[in-house]
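> Under full-length UniProt numbering, the sequence shown has 18 at position 18, and the numbering climbs by one with no breaks. C-beta: ideal position from N, C-alpha, C; glycine also. Input: one structure, supplied below.
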Amino acid sequence: MNPTLHAARLGVSRGWIEFKQQLASAQDMGFTVVSTAAFVVVLYFQRDATLPGTGLSLAAATLPGLVGLMIPLNGLMGAVGSLSVEREDGTLLRAKAVPQGMVGYLVGRIVMLSITTIGSVVVMLAAGLFFVPGLLGIGAGGWLTLAWIALLGLLSSLPLGAIIGSLAKSPQSAAGLAMLAVGALTSISGVFYPITALAGWLQAVAHAFPLYWLGLGMRSALMPDAAAAAEIGGSWRPVETTLVLLAWAVAGLLLAPPILRRMARRESGSAMEERRHRAMQRVT
1 MNPTLHAARL
11 GVSRGWIEFK
21 QQLASAQDMG
31 FTVVSTAAFV
41 VVLYFQRDAT
51 LPGTGLSLAA
61 ATLPGLVGLM
71 IPLNGLMGAV
81 GSLSVEREDG
91 TLLRAKAVPQ
101 GMVGYLVGRI
111 VMLSITTIGS
121 VVVMLAAGLF
131 FVPGLLGIGA
141 GGWLTLAWIA
151 LLGLLSSLPL
161 GAIIGSLAKS
171 PQSAAGLAML
181 AVGALTSISG
191 VFYPITALAG
201 WLQAVAHAFP
211 LYWLGLGMRS
221 ALMPDAAAAA
231 EIGGSWRPVE
241 TTLVLLAWAV
251 AGLLLAPPIL
261 RRMARRESGS
271 AMEERRHRAM
281 QRVT
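Here it is in structure tokens:
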């Protein structure tokens, strides 16, 4: 059997096992549970409001943005957090010693975080059935579009999180970089408001990153066709959305393993112990 494929299969099994272990840990599930609950509360308070000048429910307009944001928030932040912490506790050092161990490690992270994120999205959509009028009416095409865009969103954000986590010097700097990246992209990507309200150069920047296209794809799946009039060109641009997200996913999946391997080559027991010593000095 091809060693890389064998490592990937082991990574799938590892990801499933780690997901089950995560369910038993309140600390590990804390961020996911709190963020998902916060988004559901937002929908609850918007359930009876409508967008000014339209008959569209405010909750219906907000739900695609919340789902679109949840994917990179949980996926990217989860990958950054896991990788930076596991550099400190020796997990990556052990993976480095196994043939194709970094491939198996990356696949395991993607599987575990994907299942966790999909669970959060399902909870959000279940809440939407109660708080968003007409959500059941999006039809099979809408649900298929949502699933396809969610998959591409995960594949474009998880490897990016692994790259950020591998380049950061410490868990604290990794979390800061990830929050800065998500916050900056959210502010310019039109997730919760029409991107046409922004300056032209900011629109161009937003188009280069996956979060704008992820939000656009979710709106195309969950909102009425008439809502496309508020988008650039009056269209959901499904082909462009798929191509951009697919390009980010392919680039991330190609770049993440060699970057992880390069980072792992520099890992050693002495380097890990030195980082622990510096961390203890900061605490004391």
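1) Reducing DSSP to helix, strand and coil, say where residue 173 ends up.
2) In three-state terms, what does DSSP make of residue 84?
3) For residue 76, which option in 211, 224 and 33 has the closest C-alpha, if you only look at C-alpha atoms?
4) By Cβ distance below 6 Å, which residues in the same chain neighbour residue 347 in space, the five residues on each side in sequence not counted?
5) Do the stretch 110–123 and the stretch 166–184 meet, that is, are 3 or more Cβ pairs less than 8 Å apart?
6) Using a Cβ-Cβ cutoff of less than 8 Å, which residues in the same chain neighbour residue 16 once the five nearest sequence positions on both sides are dropped?
7) From this set, 227, 189, 18 and 251, which residue's C-alpha is nearest residue 51's C-alpha?
8) Cβ of residue 181 within 6 Å of any heavy atom in the ligand GDP?
9) To the nearest angstrom, how far is the alpha carbon of residue 283 from that of residue 27?
10) In chain order, what residues of the same chain have a beta carbon less than 7 Å from the beta carbon of residue 177, not counting five sequence neighbours either side?
11) Using beta-carbon positions only, say whether residue 49 and residue 162 come within less than 7 Å of one another.
12) Hey, is the stretch 69–86 in contact with the stretch 150–158, meaning 3+ C-beta pairs nearer than 8 Å?
13) In this structure, how does DSSP classify residue 186 when only helix, strand and coil are distinguished?
14) Just to confirm, are residue 46 and residue 56 a CB contact at a threshold of 7 Å?
15) Could you have a look at residue 283 and say whether DSSP puts it in helix, strand or coil?
16) Give the C-beta separation of residue 264 and residue 20 to the nearest angstrom, bearing in mind that I take them to be a contact with Cβ-Cβ under 8 Å.
17) So, helix, strand or coil for residue 241, using DSSP?
18) Am I right that residue 221 and residue 134 are in contact with their C-beta atoms under 8 Å? What's the rounded C-beta distance?
19) If we ignore side chains and look at the alpha-carbon of each, how far apart do residue 67 and residue 246 end up?
20) Counting only the same chain and skipping the five closest in sequence on each side, list residues whose C-beta sits under 7 Å from that of residue 249.
21) Just to confirm my understanding: we take residue 18, look at its own chain, exclude 5 residues before and 5 after, and list those with CB closer than 7 Å. What are they?
Let's see:
1) helix
2) Look at residue 84 here: in three-state DSSP terms it is helix.
3) 211
4) Outside the shown range of the chain, which is 1 to 284, sits residue 347, and nothing can be said about it.
5) no
6) Taken in chain order, the residues that qualify are 111, 112 and 115.
7) 227
8) Of the ligands one can find in the structure shown there are none, so the ligand GDP has no counterpart to examine.
9) Low per-residue confidence applies at residue 283: pLDDT is 49, beneath 50, and the placement is therefore not dependable, though the value from the model is reported in the following sentence. Cα to Cα, residue 283 sits roughly 21 Å from residue 27.
10) 164 and 168
11) no
12) Contact between the stretch 69–86 and the stretch 150–158 is present: three or more C-beta pairs spanning the two stretches fall below 8 Å.
13) helix
14) no
15) Unreliable placement is indicated for residue 283, whose pLDDT of 49 sits below 50; the coordinate value is still reported in the next sentence. Reduced to three states, the DSSP call for residue 283 is helix.
16) Residue 264 to residue 20, Cβ: 26 Å. No contact.
17) helix
18) Not quite, the Cβ-Cβ distance comes to about 13 Å (not below 8 Å), so this is no contact.
19) 19 Å
20) 152, 155 and 156
21) 108 and 112
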